[in-house]
Structures are given as C-alpha cells and as structure tokens.
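If you read the protein sequences in the order shown, they are chains A and B. Number 412 in this note's numbering belongs to position 76 of the first sequence; there are no gaps in the numbering. Number 356 in this note's numbering belongs to position 20 of the second sequence; there are no gaps in the numbering. The structure under discussion appears below in the form of structure tokens.
2 protein chains.
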Amino acid sequence: MNLSEMNIRRRDMAVSDPAVVEHMLLSSRVGYLGLVDGDVPYVVPLNFLWHRNRDAIYIHGAQDGRKASLMSIQPKATFTVSQELGTMANPIPAKTDTAYTSVMVFGRISLIEDLDEKTEILEAMLAKYVPGYYSRPLSPQHVMSYISNAKSSVRVWALSADQITAKRHEESMSTLFYPGRTQVQDVLQQTKGNA
Amino acid sequence: MNLSEMNIRRRDMAVSDPAVVEHMLLSSRVGYLGLVDGDVPYVVPLNFLWHRNRDAIYIHGAQDGRKASLMSIQPKATFTVSQELGTMANPIPAKTDTAYTSVMVFGRISLIEDLDEKTEILEAMLAKYVPGYYSRPLSPQHVMSYISNAKSSVRVWALSADQITAKRHEESMSTLFYPGRTQVQDVLQQTKGNA
Numbered sequence: 337m338n339l340s341e342m343n344i345r346r347r348d349m350a351v352s353d354p355a356v357v358e359h360m361l362l363s364s365r366v367g368y369l370g371l372v373d374g375d376v377p378y379v380v381p382l383n384f385l386w387h388r389n390r391d392a393i394y395i396h397g398a399q400d401g402r403k404a405s406l407m408s409i410q411p412k413a414t415f416t417v418s419q420e421l422g423t424m425a426n427p428i429p430a431k432t433d434t435a436y437t438s439v440m441v442f443g444r445i446s447l448i449e450d451l452d453e454k455t456e457i458l459e460a461m462l463a464k465y466v467p468g469y470y471s472r473p474l475s476p477q478h479v480m481s482y483i484s485n486a487k488s489s490v491r492v493w494a495l496s497a498d499q500i501t502a503k504r505h506e507e508s509m510s511t512l513f514y515p516g517r518t519q520v521q522d523v524l525q526q527t528k529g530n531a
Numbered sequence: 337m338n339l340s341e342m343n344i345r346r347r348d349m350a351v352s353d354p355a356v357v358e359h360m361l362l363s364s365r366v367g368y369l370g371l372v373d374g375d376v377p378y379v380v381p382l383n384f385l386w387h388r389n390r391d392a393i394y395i396h397g398a399q400d401g402r403k404a405s406l407m408s409i410q411p412k413a414t415f416t417v418s419q420e421l422g423t424m425a426n427p428i429p430a431k432t433d434t435a436y437t438s439v440m441v442f443g444r445i446s447l448i449e450d451l452d453e454k455t456e457i458l459e460a461m462l463a464k465y466v467p468g469y470y471s472r473p474l475s476p477q478h479v480m481s482y483i484s485n486a487k488s489s490v491r492v493w494a495l496s497a498d499q500i501t502a503k504r505h506e507e508s509m510s511t512l513f514y515p516g517r518t519q520v521q522d523v524l525q526q527t528k529g530n531a
C-alpha cells in the first residue's frame, strides 16, 4: 500500500499505520467517489469493495448514467471514506473540533471486462453487504445475465490505488460532546482538577 | 432552491420534494466537498452548515492546506450528503440493492470576509454541533482572535447552490437485510404468499 503523508498540512494527524487504513476501507459501507466533469467536480456515494491484495477499490453500477460516462472520459478518480466519532467540546469556542478518521484513495479507474474477475467481485460484494444470505455462490453464467432493475447491464470498475492518504483526529475522547454537556460544567471540572 | 432532475438517469428515483432535501442538508453532520486539482478530483469530508434562506452550504477551516488552496484557484465545487438505510436483499442476486437518499449541491465557493457574517456562521455551527454547550453567544471580538489549534487563522467559505439534485431509493423497506436473513427463508415466504 502506497500510504503517503504528502499534502497533509497537519502532520500530527497523518496516519502512518496501514492497519488503520485497512480497517477503514474494509469496514466502511459507503465511500464517496470523486470524478471530474470538465472543470466541475462530481461526488457520488457508493457501496464498494476494498481488495487487499490488489490495492484496489471495486465499485459496480449501470453501464449508462453520468458516473459511467465520466469514468470513461476521465479515469482519474478519488475515493474517500470517513468515520466521525463526534465533536470534542472545549470551553474555548475556537478549540471545539471534530474527532474523525478519513482515508483518501487516489488512482485510475478501469472497466473490468474479464467475466471471472467480475464474478469474483460481485460475489465478494454480496458477501460484504448481505453476508450469509445466499446459500450458493454466484455462477459466471448468472453474472452473464446479470441485468439490473433498471434494465441496464451491470458493470464493474476498479480504482487502482496509486496513492493513499489518511488522517485521524482523536486527541481527546473524554471531551466528546453529549446532549446536556455544558461549558460551565467543563470549566468547573477543570478548576477542580487544577486545585 | 433550484432542485433539478437533470442528469439523473433513473427518473423514478429523482427527489422532487424540497422538504426531503432540506431534511438531508439540515440533519446530516458530515458532507463530502468535491474540488478539482488540475484534472484530479479531491474529496474531503467536512462538518458544514446549510443556510436555508441563502441556499448556501457554509464550511470552515484553516487558511492553509490543500483544500483552501484549491478553492482559491478553482471555485467550482460539489457538496454531497447521503444517508444509507441498508441493503435490500432479494432471492435474485442481481436485484439486491441499496436503500439510500443522496443530495448533491453544485455551485461556486467564495471566501466570507465580513466579520458579522463569519460570526453568525461560526455561532450557528456551534449551535449545530454542540447545542446548548455555550451559555453566551460568540462575540465578533472573539471571532477576530479565533485561532485554531493549528495556529492557522480560521476561514469561512460559502458554496452558493446553483443547482441541487437528489435521489432516493426506498422501494421496499420490508426487504432490508439483517444478520441471519436468508434467501431460502425469503423464497419460502414468497411461496406462502403466492399460495
């Protein structure tokens, strides 16, 4: 995995542990695919599959539509997942901040044409999103006739990760806001602690 | 609100009710800002504020860093929020699908320089993310000296919504997958229903 700290201003928040990135990419249900339409960005939420051995994000979708058409014109893409843990409250308003982990995968999109690879990916997506639901594995024959509800053939794309960056901001879990928490209460607590 | 169905392939999923969009934009804690860096998309998760009367997304952040620099060069931006309700299982693998609502806001980013507007926005963000925490409102004087933990001045930007598109896929809540649900069980159920 090409995990880089390049372009991260706050080096203290850069994630250098690939296991944190793997966890985020394997446990997130939804990621945000960024594409470019001329000079206009396009961001679409998608279910996805992270393939550990290939360093690739797999997605699927209809062969028609804006996403498919943009990917065929301009394959450079970014895929972002994040997990928000909550807001860290602070008696000083400027220090109120968010606790989160985020991962950005930069790379190129390619269409998967190979039937066996398509079958493997669709099978793995079913195992991720409806684990244990199907009693039998998908057959390539089934995938061949895999027609979506929209009557548009299902395509599978891979985003090969050229570079991954990740950030984590988890300075102080004990300051996470909950309904009813107040500045007055926190200041009193601090005063006690310092006495 | 300029809510459009343009570019939505699946017209049956297009949201035409502005109240659904308002709900999504006001209740979501995190949105994904899409920017363009040359021909490479950049997607960053952010806390944000939707301002109903101005049809604008407000965000804040450090004056330095990649996001701030990209926005100053190329103001065209997209902001996406989504809510995933779960996966709808179907005995036919190709019909397994996701239930979700998503909103995309397309527009232009501008830097907010006016101190009163900045104060109003930062105040409203605190009210959204740590409601009831502070006993007194922010003063413009406080905002003037508002320095983040990173020692970089806090900036506020507005993304004015030129166009909004929204999609909703909620065909069949009764088919939502849960651990232990199986194809066999669903087929039996269908057979009973048809008997």
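For every residue, glycine included, the Cβ atom is placed at its ideal position computed from N, Cα and C.
Beta strand (DSSP E) segment containing M360 of chain B, residue limits:
Position 24 of the second sequence, counted from the start, is the residue given in the question as residue 360 of chain B. Note, M360 of chain B: premise wrong, no beta strand (DSSP E); alpha helix (DSSP H) at 354-363.
Counting only beta-carbon separations shorter than 8 angstroms, does E341 of chain A have a partner in chain B?
For this step, residue 341 of chain A is matched to residue 5 along the first sequence. By this cut-off, E341 of chain A is not an interface position.
In the DSSP assignment, what residue or residues form a beta bridge with A398 of chain A?
Position 62 of the first sequence, counted from the start, is the residue given in the question as residue 398 of chain A. Its beta-bridge partners are A:V490.
Relative to the C-alpha of S446 of chain B, which residue among B:Y378, B:H396, B:V376 is closest?
Taking the second sequence and counting its residues from 1, one reaches residue 446 of chain B at position 110. Cα-wise, what sits closest to S446 of chain B is B:H396.
Considering only residues of the same chain and omitting the five flanking positions on each side of A486 of chain A, which have a CB-CB separation below 7 angstroms?
Taking the first residue of the first sequence as position 1, residue 486 of chain A is located at position 150. Low confidence applies here, because A486 of chain A scores a pLDDT of 47, under 50, leaving its location unreliable; read the following figure in that light. So the list reads A398, once near-sequence residues are dropped.
On the DSSP letters alone, give me the boundaries of the alpha helix (DSSP H) that Y465 of chain B sits inside.
As a working note, residue 465 of chain B is residue 129 in the second sequence. Residues 451-465.
Taking three-plus beta-carbon pairs below 8 angstroms as touching, is the stretch 510-526 of chain A in contact with the stretch 466-476 of chain B?
yes
At 4 residues or longer, and completely inside the stretch 385-452 of chain A: list those alpha helix (DSSP H) runs for me, N to C.
402-409
In three-state DSSP terms, what is V372 of chain B?
Against the second sequence, residue 372 of chain B aligns to sequence position 36. If DSSP states are grouped into helix, strand and coil, V372 of chain B belongs with the strands.
Check P473 of chain A in the structure and name its three-state DSSP category.
Here residue 473 of chain A is taken as the residue at index 137 of the first sequence, counted from 1. Reduced to three states, the DSSP call for P473 of chain A is coil.
Among all the DSSP beta bridges, which residues are the ones paired with L339 of chain A?
Residue 339 of chain A sits at position 3 when you count from the first residue of the first sequence. For L339 of chain A, which the question treats as bridged, DSSP gives the partners A:I500.
Quick check: does the Cβ of Q519 of chain A come within less than 7 angstroms of any heavy atom belonging to the ligand HEM?
In the structure shown, the ligand HEM is absent, as is every other ligand, since no ligand is present at all.
State the start and end residues of the unbroken alpha helix (DSSP H) segment that holds L524 of chain B.
Sequence index remark: in the second sequence, residue 524 of chain B carries index 188 (1-based). Where L524 of chain B is concerned, the enclosing alpha helix (DSSP H) stretches over 519-530.
Sort A:S352, A:R345, A:K403, A:L339 by Cα distance to V490 of chain A and report the nearest one.
Taking the first residue of the first sequence as position 1, residue 490 of chain A is located at position 154. Out of A:S352, A:R345, A:K403, A:L339, A:K403 has the C-alpha closest to the C-alpha of V490 of chain A.
Partner residues on chain A for F384 of chain B, Cβ-Cβ distance less than 8 angstroms:
Working through the second sequence from its first residue, we reach residue 384 of chain B at position 48. Neighbours of F384 of chain B on chain A: none; closest Cβ ~11 angstroms, over 8 angstroms.
What did DSSP end up calling V379 of chain B once you bin it into helix, strand or coil?
Walking along the second sequence from the start, residue 379 of chain B turns up at place 43. Of the three classes helix, strand and coil, the one that applies to V379 of chain B here is strand, per DSSP.
Which partner residues does G367 of chain A have in the DSSP bridge list?
By 1-based counting over the first sequence, the position of residue 367 of chain A is 31. DSSP lists A:L382 as partners of G367 of chain A.
Suppose you measure from the CA of W493 of chain A to the CA of P427 of chain B; what does that come to, to the nearest Å?
Taking the first sequence and counting its residues from 1, the one referred to as residue 493 of chain A is at position 157. Taking the second sequence and counting its residues from 1, the one referred to as residue 427 of chain B is at position 91. When rounded, the distance between both Cα atoms is 24 angstroms.
Does the distance from the C-beta atom of M342 of chain A to that of H505 of chain A stay below 8 angstroms?
Residue 342 of chain A sits at position 6 when you count from the first residue of the first sequence. Residue 505 of chain A sits at position 169 when you count from the first residue of the first sequence. No, the Cβ-Cβ distance between M342 of chain A and H505 of chain A is not below 8 angstroms.
Pairwise C-alpha distance: G529 of chain A and Q419 of chain B:
One-based indexing of the second sequence puts residue 419 of chain B at position 83. One-based indexing of the first sequence puts residue 529 of chain A at position 193. Each residue's Cα considered, the two are about 41 angstroms apart.
Kindly identify the DSSP beta-bridge partner or partners of H505 of chain B.
Translated into the one-based positions of the second sequence, residue 505 of chain B becomes position 169. DSSP, once it has assigned bridges, lists B:Y436 as partnering H505 of chain B.
Nearest candidate by alpha-carbon position, reference S408 of chain A, set A:I448, A:A460, A:L512
If you number the first sequence from 1, residue 408 of chain A lands on position 72. Answer by Cα proximity: A:I448.
Which same chain residues, not among the five before or five after L361 of chain A, have their C-beta less than 7 angstroms away from its C-beta?
Indexing the first sequence from 1 puts residue 361 of chain A at position 25. The residues are W386, V417, V439.
Partners in chain D for K412 of chain B, counting only beta-carbon separations shorter than 8 angstroms:
Looking for chain D here will not work: the only protein chains present are A and B.
Any C-beta of chain B sitting closer than 8 angstroms to the C-beta of D498 of chain A?
Position 162 of the first sequence holds residue 498 of chain A. Not one chain B Cβ lies under 8 angstroms of D498 of chain A.
Quick one: does H478 of chain B have its CB under 8 angstroms from some CB of chain A?
Counting from 1 along the second sequence, the entry for residue 478 of chain B is found at position 142. Chain A contact via Cβ: present.
If the cut is a Cβ gap below 9 angstroms, which residues of chain A does G468 of chain B touch?
Start at 1 with the first residue of the second sequence, and residue 468 of chain B comes out as number 132. The answer, in chain order, is P515, G516, R517, T518.
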